[in-house]
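K.L.:
Below is the structure I would like to discuss, written out as structure tokens.
Residue numbers (the UniProt record's numbering): 1 to 357.
The structure is reproduced here in structure tokens:
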């Protein structure tokens with residue numbers, strides 16, 4: 001006797017739910033290789049992107065408690081007897097916390113995704129033969145909350161004669177409804193709806209199509225709303241508005257650049273003034289030459305005294321500077337000291353008197 005065939009799934013179930021249990025469809029298997037004893041429902045929790053049963057999973061199949069202890073992400077939720085024999089599809093509730101055979105149908109966890117498998121099992125005098133498993137459902141468990149809508153822009157501007165598209169992006173339970181209204185009226189002429197009402201489109205839009213458009217999404221937990229003002233503008237008006245906006249931008253840029261240039265020039269002028277003042281102070285505060293330093297010091301003056309008449313040559317009187325070259329001097333330089341002033345004056349006058357005599 002061979003293992004049973006895998007179930008043929010005619011309609012795959014895909015659900016987003018907000019509770020721990022939900023109904024799915026199971027499928028009968030043709031008893032070609034022998035009588036079908038039971039059907040097993042296997043639950044795989046999607047973890048780290050793994051969306052299929054691993055190889056050799058048959059030897060590891062166990063109930064939810066032992067699977068948790070063994071750190072397995074799949075378990076047998078139910079084992080359903082084929083008595084009476086199932087010939088048509090039937091509904092089964094995953095996660096109802098009931099016991100089926102030796103297995104507890106554990107409730108599904110919030111914010112988790114699951115893939116549900118079904119396989120047929122034949123028990124021939126104690127010999128268990130399990131067939132290959134088939135995917136029958138995919139379930140995503142979400143939190144209970146009202147729909148979340150992404151806000152529409154405050155204003156939507158379109159040109160007359162073009163296609164106006166308003167999109168209402170909604171997140172929430174799939175059993176929600178999306179409706180539109182214009183200025184409070186749910187009847188919107190010329191409007192077409194796509195993607196379950198999430199997209200509103202108006203072809204060849206006219207100025208009379210302008211107004212307040214509101215999107216409302218609702219489910220059993222509540223509702224959410226968002227609105228936008230549709231403005232239908234003439235192409236000529238749009239061009240003028242664009243030119244005005246561009247002119248304003250250019251004007252602002254020119255003003256900003258002008259202010260920056262003015263501040264730069266002012267900074268350069270201030271730096272030059274500061275540098276010139278510093279240079280002038282340095283020039284005034286320092287003497288031009290060592291000679292200036294010498295002349296400016298008190299007590300550094302020299303006095304020229306005539307030589308005695310006996311030593312004078314019959315030439316015209318001549319004075320020589322301190323720094324000049326000493327060529328045939330007729331006068332010599334004598335340092336001037338206050339202390340010897342009276343004595344020197346007396347000697348000089350005595351010499352002059354002797355010369356006259």
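Glycine included, each C-beta is placed from N, C-alpha and C at the ideal position.
By a C-beta neighbour count over all protein chains shown, 10 Å radius and 16 as the cutoff for buried, is residue 262 buried or exposed?
P.N.:
Burial call: exposed.
K.L.:
When the Cα of residue 92 is compared with those of 176, 164, 22, 110, which residue comes out closest?
P.N.:
22
K.L.:
Since residue 28 contacts residue 119 with CB under 8 angstroms, what's their CB separation in whole angstroms?
P.N.:
About 12 angstroms separates the beta carbons of residue 28 and residue 119, which is beyond the 8 angstroms limit, so they are not a contact pair.
K.L.:
Starting from residue 21 and walking both ways along the alpha helix (DSSP H), at which residues does that stretch end?
P.N.:
Segment: none, residue 21 is in no alpha helix (DSSP H) and carries neither H nor E.
K.L.:
Are residue 95 and residue 20 touching if we call contact CB-CB under 7 angstroms?
P.N.:
In this structure, residue 20 lies closer than 7 angstroms to residue 95 by Cβ.
K.L.:
Who does residue 124 pair with in a DSSP beta bridge?
P.N.:
Residue pairing by DSSP places residue 124 opposite 127 in a beta bridge.
K.L.:
Go ahead and pull the three-state DSSP assignment for residue 225.
P.N.:
strand
K.L.:
Can the beta-carbon of residue 73 be found closer than 7 angstroms to that of residue 45?
P.N.:
yes
K.L.:
How long is the line joining the alpha carbons of residue 230 and residue 207, rounded to whole angstroms?
P.N.:
Roughly 9 angstroms between the two C-alpha positions.
K.L.:
Hey, how far is the Cα of residue 115 from the Cα of residue 78?
P.N.:
14 angstroms
K.L.:
State the DSSP-derived secondary structure class of residue 141, mapped to helix, strand or coil.
P.N.:
Here residue 141 sits in strand by DSSP.
K.L.:
With DSSP collapsed to three states, give me the class of residue 216.
P.N.:
strand
K.L.:
Have a look at 166, 149, 150, 151 and flag the residue whose alpha-carbon is nearest the alpha-carbon of residue 157.
P.N.:
Sorting 166, 149, 150, 151 by C-alpha distance to the C-alpha of residue 157 places 166 at the top.
K.L.:
Please report how far the alpha carbon of residue 38 lies from the alpha carbon of residue 113, in whole angstroms.
P.N.:
26 angstroms
K.L.:
To the nearest angstrom, how far is it from the Cα of residue 26 to the Cα of residue 53?
P.N.:
18 angstroms
K.L.:
Bridge partners of residue 364, per DSSP?
P.N.:
A question about residue 364 goes unanswered here, because the residues of the chain that appear run from 1 up to 357.
K.L.:
Are the Cβ atoms of residue 138 and residue 169 separated by less than 7 angstroms?
P.N.:
no
K.L.:
Residue 217 and residue 153 - do their beta-carbons sit closer together than 7 angstroms?
P.N.:
Not a contact, by the Cβ cut-off of 7 angstroms.
K.L.:
Please state whether DSSP places residue 32 in a helix, a strand or coil.
P.N.:
coil
K.L.:
Let me know the secondary structure DSSP gives residue 193 once reduced to three states.
P.N.:
strand
K.L.:
So, with DSSP's three-state summary, where would you put residue 91?
P.N.:
Residue 91: strand per DSSP, three-state reduction.
K.L.:
What three-state label does DSSP hand residue 262 in the structure shown?
P.N.:
helix
K.L.:
For residue 86 and residue 201, what's the separation of their Cα atoms in angstroms?
P.N.:
49 angstroms
K.L.:
Considering only the alpha carbon of each residue, which of 228, 257, 209 lies closest to residue 234?
P.N.:
Minimum Cα distance to residue 234 is reached at 209.
K.L.:
Would you call residue 253 buried or exposed, if buried means 16 or more other Cβ atoms sit within 10 Å of its Cβ?
P.N.:
exposed
K.L.:
Start and end of the beta strand (DSSP E) containing residue 182?
P.N.:
177-182
K.L.:
Give me the Cβ distance between residue 82 and residue 36, rounded to the nearest whole Å; I'm assuming they're in contact under 8 angstroms.
P.N.:
Their Cβ separation, rounded to whole angstroms, is 5 angstroms, which keeps residue 82 and residue 36 in contact under 8 angstroms.
K.L.:
Return the Cβ separation of residue 63 and residue 24 in integer angstroms, given the expectation that the two are a contact with Cβ distance under 8 angstroms.
P.N.:
With a contact defined as Cβ atoms closer than 8 angstroms, residue 63 and residue 24 miss out at about 19 angstroms.
K.L.:
Would you list the residues sitting across from residue 134 in a DSSP beta bridge?
P.N.:
118
K.L.:
Identify whether residue 155 lies in helix, strand or coil by the three-state DSSP scheme.
P.N.:
strand
K.L.:
To which residues does DSSP link residue 3 through a beta bridge?
P.N.:
Beta-bridge pairing links residue 3 to no other residue.
K.L.:
Spatial neighbours of residue 102 within its chain, please: CB distance less than 6 angstroms, with the 5 preceding and 5 following residues excluded, ordered by chain position.
P.N.:
none
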